[in-house]
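Number of protein chains: 2
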Amino acid sequence: MDETQGYCPVFHRAVELIGRRWNGPIIRALLDGADRFGEIRSRIPGLTDRLLAQRLRELEREGVVERASSATTVHYTLTTKGHSLAPVIESIAQWAAAWEPPGSTSSAQGRSAADSRRR
Amino acid sequence: MDETQGYCPVFHRAVELIGRRWNGPIIRALLDGADRFGEIRSRIPGLTDRLLAQRLRELEREGVVERASSATTVHYTLTTKGHSLAPVIESIAQWAAAWEPPGSTSSAQGRSAADSRRR
DNA sequence: TAGCGTCACTTACAAAGAGTAAGTGACTAA
DNA sequence: TTAGTCACTTACTCTTTGTAAGTGACGCTA
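The listed protein sequences derive, respectively, from chains A and B. My numbering applies: residue 1314 is where the first sequence begins, and numbers increase by one. My numbering applies: residue 1314 is where the second sequence begins, and numbers increase by one.
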């Protein structure tokens, strides 16, 4: 019998790419218009240079992000594949908003620092 | 949701819960009807007892999964919160199917598009 | 009732990944 | 000249994951 019914390696790969630590917020920042390294970093509290550089390289390898360096500046943009993640990000954001933990109100902003340091 | 800076800790939390290693496939298996520990494990190649036990405990703590142990058996089911992840899983599956990498087309482990439709 | 298998875990240890901090060279504004 | 920003690297530490083996409770078969 098929032991792995309902299992799909393509789905598995996708969910771990999207859900890999920091990738969600990074893709969201890019969808929101951030296109510089420092801009992305400054939008995501807790994310360090090291991890951002690594994640961007991985996303580039996956064809989600494109890196363009002109003479003086480096720009990161989403590819078509990357842009097509918008509905995924949107559905996660909707779920998150609907099931926002009771403790956090709309002013959850203040908890961001503590949040990123939980562990 | 705050769109002023584009960063939202609630979203961050959600995407890392859903995307945490193995959680996507686990939730998908539960949505597909698996409800026993061994059944979930056997549907997800590579997932070990240790990690499955840990992930289920975490998902339970997050209110996504419910554990019910009768005299002889243990059952895992999705809560309402868990079931409401169906559209998220669905949108990821669609994205994955649309952007399936060229190399993995002749997978013997199950055709992605067909599999993602089982329910 | 002895032996074997399954179930739902747990424990121990090594490897991989992430966090912290400091450094790099190229450029730029004061 | 000096200081600062930008887009990264490198080194080190600590946490998480992978691998493998073990646990007790239960069931089946002979």
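We put the CB at the ideal spot given by N, CA and C, even for glycine. Fair warning: this is a prediction, and the values are worked out from it, not measured in the lab.
Note the first and the last residue of the continuous alpha helix (DSSP H) segment covering residue i.
i: Arg-1363(B); result: 1362 to 1374
In three-state DSSP terms, what is residue i?
i: Arg-1333(B); result: coil
i: Leu-1391(A); result: strand
i: Asp-1315(B); result: With a pLDDT of 38 at Asp-1315(B), under the threshold of 50, the modelled position of this residue cannot be trusted, and the question is left open.
i: Glu-1403(B); result: helix
i: Leu-1339(B); result: It should be noted that the sequence gives Ile, not Leu, for residue 1339(B). Ile-1339(B) falls in the helix class under three-state DSSP.
i: Gly-1351(A); result: helix
i: Leu-1398(B); result: coil
i: Pro-1322(A); result: helix
i: Trp-1408(A); result: helix
i: Gln-1422(A); result: Low local confidence applies: a pLDDT of 40 at Gln-1422(A) is under 50, so the model's placement there is unreliable, with the coordinate-based value given in what follows. Helix at Gln-1422(A).
In the DSSP assignment, what residue or residues form a beta bridge with residue i?
i: Val-1328(A); result: None, per the DSSP bridge assignment.
i: Ala-1381(A); result: His-1388(A)
Does residue i come within less than 8 Å of chain B when only Cβ atoms are used?
i: Leu-1398(A); result: yes
i: Val-1433(A); result: Examination of residue 1433(A) is not possible in this model, given that chain A is present from 1314 through 1432 alone.
Quick check: is the beta carbon of residue i nearer than 8 Å to any beta carbon in chain A?
i: Glu-1413(B); result: yes
i: Ser-1404(B); result: yes
i: Phe-1324(B); result: yes
i: Val-1401(B); result: yes
- Query: Touching or not, the segment 1360 to 1375 of chain A and the segment 1328 to 1342 of chain A, by the rule of three or more beta carbon pairs under 8 Å?
  - Reply: yes
- Query: Looking at C-beta atoms only, is the number of pairs between the segment 1348 to 1368 of chain B and the segment 1353 to 1363 of chain A that lie closer than 8 Å three or more?
  - Reply: no
- Is the segment 1400 to 1416 of chain A in contact with the segment 1391 to 1407 of chain B, if contact means three or more CB pairs nearer than 8 Å? yes
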